[in-house]
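Take a look at the structure set out below.
Protein chains: 2
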Amino acid sequence: MIRDLIVKNRSYRRYDQSVEISMELLESWVDLARYSASGRNAQPLKYILSVDREKNEKIFSTLGWAAYLKEWDGPAEGERPSAYLVQLLDTAIATNFYCDDGIAMQSILLGAVEAGFGGCIFRTINKPRLTELLNIPEQYQIINVIALGKPIEKVVIEEMCDGDFKYWRDNQEVHHVPKRMLDDLILKL
Amino acid sequence: MIRDLIVKNRSYRRYDQSVEISMELLESWVDLARYSASGRNAQPLKYILSVDREKNEKIFSTLGWAAYLKEWDGPAEGERPSAYLVQLLDTAIATNFYCDDGIAMQSILLGAVEAGFGGCIFRTINKPRLTELLNIPEQYQIINVIALGKPIEKVVIEEMCDGDFKYWRDNQEVHHVPKRMLDDLILKL
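Residue numbers (our numbering), protein chains in the order written: chain A, 161 to 349; chain B, 161 to 349.
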């Protein structure tokens with residue numbers, strides 16, 4: 161059931177770094193993005209794939225991890241992602257990508273979860289630095305980064321209280337994510 | 161397999177209007193959006209659900225159908241969507257929704273496809289008119305509309321030639337959608 165996959169697809173931030181992800185698997189997830197809807201059917205999004213240590217470290221160094229966990233700078237060596245996808249806009253194709261980025265990333269992450277992995281979307285990226293580190297040509301604009309790996313953290317969904325949507329981590333390192341209730345998402349007009 | 165669902169999830173524009181969609185089913189798809197990732201976990205997107213004839217007609221009248229099919233004004237009576245979701249930003253929660261809209265809509269559409277239905281995302285919407293017709297309070301901004309129904313058209317994926325991404329419809333009313341190849345989506349740096 162798609163519901164099981166969607167519920168299992170949490171934003172994971174700690175991984176078993178010793179579990180590698182192959183280029184073939186990463187490509188199979190980009191292929192899921194390829195089959196997903198695109199505004200005007202323009203398909204202007206492209207991907208840089210990374211599974212090797214050196215490239216992974218470069219990408220890692222440009223990411224902002226978990227804004228609400230003030231005392232945490234991101235996963236320690238050994239718990240870092242095994243792979244990354246850098247999602248780019250190819251400005252030679254289009255200047256607008258509408259909501260293609262989210263559609264594509266949901267497809268990618270559901271593919272990863274089905275294969276026993278998980279990920280996290282990053283929009284807080286030092287883009288000039290990442291552009292420089294990966295030598296990304298000027299034609300491409302960085303939109304998002306997806307970190308991927310074998311999750312080792314427990315993520316629990318909680319009922320949101322008083323509109324406070326900040327996630328938190330408890331003493332046992334369990335990550336808690338408050339969600340609005342279904343009724344709160346439906347506007348009865 | 162998630163791949164099968166994603167490949168089956170085409171943008172359908174003609175439906176068997178006699179097949180109804182229940183409010184419960186529509187709510188179950190919004191629940192899939194509820195469990196999907198949200199930037200800063202703010203969850204600022206809300207939904208108006210429509211399954212009744214009068215409301216459906218109002219929403220239909222505000223949508224721009226298939227820009228590339230110049231001689232087609234949209235589906236005829238009998239082939240129109242059975243239900244709609246109007247996706248809104250609740251500006252009382254946030255002024256930015258990042259890529260939440262695409263993530264949520266992919267979850268919703270995969271749920272619909274799994275249940276034997278299909279849909280189409282609209283961003284060409286007469287928003288002032290729709291706001292007026294549905295009496296949407298000022299606090300909410302229309303982001304997207306998802307049309308939903310029992311698809312009756314055949315959609316075929318084609319290999320894209322010479323970068324021409326326009327979809328087309330043939331004499332047999334089959335809808336053809338050119339897609340870029342996987343290699344074209346991967347930037348080897």
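Using N, Cα and C, we set each Cβ at its ideal position, and we do this for glycine too.
Same chain, Cβ closer than 7 angstroms to residue i, five either side skipped, listed in chain order
i                        : result
aspartate 261 (chain A)  : Leu205, Gln247, Ile303 and Asn304
leucine 185 (chain A)    : Ala275
cysteine 280 (chain B)   : Ser171, Tyr172, Arg173 and Ala307
methionine 320 (chain A) : Pro338, Lys339 and Arg340
lysine 287 (chain A)     : Ile302
Three-state class that DSSP yields for residue i in the structure shown
i                        : result
serine 188 (chain B)     : helix
isoleucine 302 (chain B) : strand
serine 171 (chain A)     : strand
leucine 345 (chain A)    : helix
isoleucine 317 (chain B) : strand
asparagine 253 (chain A) : According to the sequence shown, residue 253 (chain A) is isoleucine rather than asparagine. Coil, per DSSP.
arginine 213 (chain B)   : helix
asparagine 201 (chain A) : helix
isoleucine 181 (chain A) : coil
isoleucine 296 (chain A) : coil
leucine 165 (chain B)    : helix
serine 196 (chain A)     : coil
glycine 271 (chain A)    : helix
isoleucine 312 (chain A) : coil
aspartate 322 (chain A)  : coil
alanine 236 (chain A)    : coil
aspartate 176 (chain B)  : coil
Paired residues, beta bridge with residue i - DSSP
i                        : result
tryptophan 328 (chain B) : B:His336
isoleucine 124 (chain B) : Given a span of 161 to 349 for chain B in the structure shown, any question on residue 124 (chain B) remains unanswerable.
cysteine 280 (chain B)   : B:Ala307
leucine 223 (chain A)    : A:Ile285
Beta-carbon contacts of residue i that lie in its chain and below 8 angstroms, excluding the five residues immediately before and after
i                        : result
leucine 245 (chain B)    : Leu186, Trp189, Val190, Tyr207, Ile208, Leu209, Ser210, Ile268, Val305, Ile306 and Leu308
tryptophan 232 (chain A) : Trp225, Ala226 and Arg329
glycine 271 (chain B)    : Ser188, Trp189 and Leu192
tyrosine 104 (chain B)   : The structure shown does not extend to residue 104 (chain B), since chain B is modelled only from 161 through 349, so no value can be given for it.
leucine 290 (chain A)    : Lys218, Ile219, Thr222, Val246, Ile296, Ile302 and Val305
methionine 265 (chain B) : Ala193, Gln247, Ile281, Asn304 and Ile306
Sequence-distant residues of its chain with Cβ nearer than 6 angstroms to residue i (five each side left out)
i                           : result
lysine 218 (chain A)        : Leu293
arginine 170 (chain A)      : Val315
phenylalanine 282 (chain A) : Leu223 and Val305
Cβ-heavy atom distance, residue i to the ligand ZN, below 7 angstroms
i                     : result
proline 204 (chain B) : The model depicted lacks the ligand ZN and carries no ligand whatsoever.
Exercise. For the region 332–344 of chain A and the region 307–321 of chain A, state whether three or more C-beta atom pairs, one from each stretch, are separated by less than 8 angstroms.
Key: Proximity of the region 332–344 of chain A to the region 307–321 of chain A meets the contact definition, three or more beta-carbon pairs being nearer than 8 angstroms.
Quiz item: Are the region 237–244 of chain A and the region 195–202 of chain A touching, with three or more C-beta to C-beta distances below 8 angstroms?
Solution: Contact between the region 237–244 of chain A and the region 195–202 of chain A is absent, because fewer than three Cβ pairs lie under 8 angstroms.
Exercise. Name, going along the chain, the residues of the region 311–341 of chain A whose beta-carbon falls closer than 9 angstroms to a beta-carbon of chain B.
Key: If the cut-off is 9 angstroms between Cβ atoms, the region 311–341 of chain A has Ile317, Met320, Gly323, Phe325, Lys326, Tyr327, Val337, Pro338, Lys339, Arg340 and Met341 near chain B.
Quiz item: Per the contact definition of three or more C-beta pairs closer than 8 angstroms, is the region 288–303 of chain A in contact with the region 319–328 of chain A?
Solution: No: fewer than three Cβ pairs fall under 8 angstroms.
Quiz item: For the region 235–267 of chain A, which residues have a beta carbon sitting closer than 7 angstroms to at least one beta carbon of chain B?
Solution: Going along the region 235–267 of chain A in chain order, one finds Leu248, Tyr258, Cys259, Asp260, Asp261, Gly262, Ile263, Met265, Gln266 and Ser267 with a Cβ nearer than 7 angstroms to chain B.
Practice problem: May I ask you to list, following chain order, the residues of the region 265–293 of chain A that have a beta carbon less than 7 angstroms from some beta carbon of chain B? | Solution: Sequence-ordered contacts of the region 265–293 of chain A with chain B read Met265, Gln266, Ser267, Leu270, Gly271, Glu274, Ile281 and Arg283 [C-beta pairs closer than 7 angstroms].
Quiz item: Between the region 296–311 of chain B and chain A, which residues of the former have CB atoms less than 9 angstroms from a CB of the latter, in chain order?
Solution: Of all residues in the region 296–311 of chain B, Ile296, Pro297, Tyr300, Ile303 and Asn304 have a Cβ within less than 9 angstroms of some Cβ in chain A.
Self-check item: Members of the region 163–187 of chain B that neighbour chain A once the beta carbon cut-off is set at 7 angstroms
Solution: So the list reads Arg163, Leu165, Ile166, Val167, Ser171 and Glu187, given in the order they occur along the chain.
Self-check item: chain B contacts from the region 199–223 of chain A (Cβ-Cβ distance under 8 angstroms)
Solution: Identification of residues in the region 199–223 of chain A having a C-beta nearer than 8 angstroms to some C-beta of chain B yields Gly199, Arg200, Asn201, Ala202, Gln203, Leu205, Lys206, Tyr207, Ile208 and Leu209, given in sequence order.
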